[in-house]
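Each residue of the sequence shown is one higher than the last, beginning at 120 in this note's numbering.
So the structure is just underneath, and the comments pick up after that.
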Amino acid sequence: MRTRATVATVTVTVTGALALSALAVPAVHAAGSDAADHRGAFAKISQAAHKGERAPGQPYDMDVTFSDFKIAKAVKLGSGTHYSTTVTYKLTHAAGINVEAADFVTGPLLHRGSLTAPSSAVLAGVKPATCAVDTATTATCTGKIDFYPREDLLNSDAGTWKGAAAAIAYNGQDPEGEEFDITKVGYADQEGLGTTLVQRASTLTVNATPEPVKKGKPLTITGKLSIANWETGTYVGYVNQSVALQYRKKDVMTYSDVKGVKTNGKGELRTTVTASADGYHRFTFKGKTPVPAVNATGDYVDVQ
Numbered sequence: 120m121r122t123r124a125t126v127a128t129v130t131v132t133v134t135g136a137l138a139l140s141a142l143a144v145p146a147v148h149a150a151g152s153d154a155a156d157h158r159g160a161f162a163k164i165s166q167a168a169h170k171g172e173r174a175p176g177q178p179y180d181m182d183v184t185f186s187d188f189k190i191a192k193a194v195k196l197g198s199g200t201h202y203s204t205t206v207t208y209k210l211t212h213a214a215g216i217n218v219e220a221a222d223f224v225t226g227p228l229l230h231r232g233s234l235t236a237p238s239s240a241v242l243a244g245v246k247p248a249t250c251a252v253d254t255a256t257t258a259t260c261t262g263k264i265d266f267y268p269r270e271d272l273l274n275s276d277a278g279t280w281k282g283a284a285a286a287i288a289y290n291g292q293d294p295e296g297e298e299f300d301i302t303k304v305g306y307a308d309q310e311g312l313g314t315t316l317v318q319r320a321s322t323l324t325v326n327a328t329p330e331p332v333k334k335g336k337p338l339t340i341t342g343k344l345s346i347a348n349w350e351t352g353t354y355v356g357y358v359n360q361s362v363a364l365q366y367r368k369k370d371v372m373t374y375s376d377v378k379g380v381k382t383n384g385k386g387e388l389r390t391t392v393t394a395s396a397d398g399y400h401r402f403t404f405k406g407k408t409p410v411p412a413v414n415a416t417g418d419y420v421d422v423q
């Protein structure tokens, strides 16, 4: 199975632009598993493969398909510069294809929309996947998707992403060489292999005052719900969100809901309760598709 795609198959830009010149990653020579970053060469082949069915100067269609794509249900990305997640999949190929060759490369992809019309940058791994041969025509491959949020993602990109995979047989051709003949290079990709949630990581705090407090007196509970801002590399308040205040008595293992509270325009929380017994108070956020659930660490209050 072959799915036609644009160069965005391995483009890593903030806007998801399709131009090869937008790539900020280096190419490699006959990209092997020890390559520092194979995405540039991968993009060059992918771009040529998707110029159109009858366009000259294309790699040939390689008889490779992908299945059993396994990825984490959710990937939480904070304000850091780099994250990765591991993907495994099965690669099935024609008998004449040598997946153990040094210049055969494959890797998983994540995209939004379709590979032919992605709505965001399509994400790949810096290094190719490694494959263990199972039979003469199948292999089990393990690779990574590398995330560089400030380079690759807008905050609006949080949500469901689709899994895909691609493979290239360079067959001795050097994509950076003067005598590079792309028509001798094999290429295959396939989408619709699975999904994962790419989420903006969340944090939640709580503080109960005064401590200690007299029984029957008011206790003020404050906190803040924050989420990662990928575009600035910081955390910002998550505004107008429903959060539950929970309580558990000392020596009791489980929390119970007390009341609902909403974050203000800065993501802050504030409410009051009547102190009754020694125990822990916390806020809990159930999460949404773009943002994971999170619990604050319980704050213990001595009630006298």
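Heads up, the beta-carbon is just placed ideally off N, CA and C, and yes, glycines get one too.
- For A248, which residues of its own chain have a beta-carbon under 7 angstroms away from its beta-carbon, when the five flanking residues on both sides are left out? Closer than 7 angstroms at Cβ, skipping near neighbours: T225, G226, P227, C260, T261 and G262.
- Message: For D300, which residues in the same chain have their Cβ closer than 8 angstroms to its Cβ, ignoring the five residues on either side in sequence?
- Response: Leaving aside the five residues that flank D300 on each side, the residues in its chain whose CB is nearer than 8 angstroms to its CB run, in chain order, Q292.
- Query: Can you tell me whether DSSP reads R269 as helix, strand or coil?
  - Reply: Shown here, R269 sits in a helix according to DSSP, grouped into three states.
- Task: Pick helix, strand or coil for N274, following the three-state DSSP scheme.
- Result: N274 carries a helical assignment under DSSP once its states are collapsed to helix, strand and coil.
- Task: Output the distance between the C-alpha atoms of E298 and V317, rounded to the nearest integer angstrom.
- Result: So the two alpha carbons sit approximately 41 angstroms from each other.
- Using only alpha-carbon positions, find the residue among K334, G176, A162 and G282 that is nearest to D397. Answer by Cα proximity: K334.
- Any chance the stretch 387-402 sits against the stretch 333-351, with 3 or more Cβ pairs inside 8 angstroms? Yes: at least three Cβ pairs fall under 8 angstroms.
- Do three or more CB pairs link the stretch 279-288 to the stretch 179-198 at distances below 8 angstroms? Counting Cβ pairs under 8 angstroms, three or more are found: they touch.
- Would the beta-carbon of A394 fall within 8 angstroms of that of F404? No, Cβ-Cβ distance for A394 and F404 is not below 8 angstroms.
- Query: Do F266 and S198 come within 8 angstroms of each other at the CB atom, strictly closer than that value?
  - Reply: The answer is no: Cβ separation not under 8 angstroms.
- Could you tell me whether the Cβ atoms of N274 and N383 are closer together than 8 angstroms? Their beta carbons are not under 8 angstroms apart, which means N274 does not touch N383 by this criterion.
- Under three-state DSSP, which class holds H148? Interpretation of H148 is limited by its pLDDT of 32, a score under 50 that renders its predicted location unreliable; no figure is taken from the coordinates.
- State buried or exposed for K378, treating a residue as buried only when at least 16 other CB atoms are found within 10 Å of its CB. Around the beta carbon of K378, fewer than 16 other beta carbons sit within 10 angstroms, so the residue counts as exposed.
- For R389, count neighbouring C-beta atoms within 10 Å of its own C-beta (all shown protein chains included) and say buried if the count is 16 or more, exposed if not. Exposed, since its Cβ has fewer than 16 Cβ neighbours within 10 Å.
- Task: Just mark S375 as buried or exposed, buried being the case when its beta carbon has 16 or more other beta carbons within 10 Å.
- Result: Around the C-beta of S375, fewer than 16 other C-beta atoms lie within 10 Å, and the residue is accordingly described as exposed.
- Item | Residue nearest to A327 in terms of C-alpha spacing, selected from T391, A240 and H201 | Comparing Cα-Cα distances from A327 to each of T391, A240 and H201, the minimum goes to T391.
- Nearest to I264 by alpha carbon, out of Q360, K246 and K385? Looking at the Cα atoms, K246 is the closest of the given residues.
- Task: Would you mind working out which of E387, G406 and Y366 sits nearest G417, comparing C-alpha positions?
- Result: Its Cα nearest to that of G417, the residue Y366 stands out among E387, G406 and Y366.
- Query: Does the beta carbon of A193 come closer than 8 angstroms to any beta carbon on chain C?
  - Reply: The question asks about chain C, but that chain is absent: this structure has only one protein chain.
- Reducing DSSP to helix, strand and coil, say where G159 ends up. If DSSP states are grouped into helix, strand and coil, G159 belongs with the helices.
- Kindly give me the distance between the Cβ atoms of G282 and T315, rounded to whole angstroms, as I take these residues to be in contact under 8 angstroms. Going by Cβ atoms, the distance from G282 to T315 rounds to 7 angstroms, so yes, they are a contact pair.
- Query: If we ignore side chains and look at the alpha-carbon of each, how far apart do G386 and V194 end up?
  - Reply: Put simply, the backbone Cα of G386 is about 23 angstroms away from that of V194.
- Task: Determine the DSSP secondary structure at K333, reduced to helix, strand or coil.
- Result: In this structure, K333 counts as coil in the three-state DSSP scheme.
- Message: Please classify A240 as buried or exposed, where buried requires at least 16 other C-beta atoms within 10 Å of its C-beta.
- Response: Burial call: buried.
- Consult DSSP for Q292 and reduce its assignment to one of helix, strand or coil. When DSSP states are grouped into helix, strand and coil, Q292 belongs to the coil group.
- Item | Between the CA atoms of K303 and S196 - distance to the nearest angstrom | Just to set this straight, residue 196 is Leu in the shown sequence, not Ser. So the two alpha carbons sit approximately 39 angstroms from each other.
- Query: Grouping DSSP H, G and I as helix and E and B as strand, with all else coil, what is K303?
  - Reply: When DSSP states are grouped into helix, strand and coil, K303 belongs to the helix group.
- Task: Report the three-state DSSP secondary structure of I190 (helix, strand or coil).
- Result: In the structure shown, I190 sits in coil (DSSP, three-state: anything other than H, G, I, E or B).
- Specify the secondary structure class of I216 as computed by DSSP and reduced to three states. The three-state reading of DSSP puts I216 in coil, since its state is none of H, G, I, E or B.
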